[in-house]
Amino acid sequence: MTKKTKSPNKSRKEHQRKPIRKGIKSTRGQPEHYSEIKKCVSIGITPTALTGLDELSQQLDISRSEMIERIGRGLIKLVDGAASS
Numbered sequence: 022m023t024k025k026t027k028s029p030n031k032s033r034k035e036h037q038r039k040p041i042r043k044g045i046k047s048t049r050g051q052p053e054h055y056s057e058i059k060k061c062v063s064i065g066i067t068p069t070a071l072t073g074l075d076e077l078s079q080q081l082d083i084s085r086s087e088m089i090e091r092i093g094r095g096l097i098k099l100v101d102g103a104a105s106s
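For any residue, its number in the working numbering is found by taking its place in the sequence shown, counting from 1, and adding 21.
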């Protein structure tokens, strides 16, 4: 049986890393930021949308997952660009 090791080329970018929470250990099955546990879901988007999502999350210095979480909770408001034209 071979042991999996992390590839040094696949290290996470700064905005993708978990923030350091001094004195608090992450525990599987325990919520960290919100009062409920996150659920894994899969979405299908185009490469262009993924690039845009990456750029926006980098600007906010948060992960893609956290950005979608905040949009879903109404913490980040979306503005319809077509409506303002």
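In this text, a Cβ means the ideal position worked out from N, Cα and C, and glycines have one as well.
- According to the DSSP assignment, D101 belongs to no alpha helix (DSSP H), since it is labelled neither H nor E.
- At the C-beta level, R91 and L74 stay beyond 8 Å of one another.
- In the structure shown, K60 falls within a coil segment according to DSSP collapsed to helix, strand and coil.
- Between M88 and L99, the gap from beta carbon to beta carbon reaches 8 Å or more.
- In the displayed model, S78 falls within a helix according to three-state DSSP.
- Boundaries of the alpha helix (DSSP H) harbouring I89: 85-93, taken from the DSSP string.
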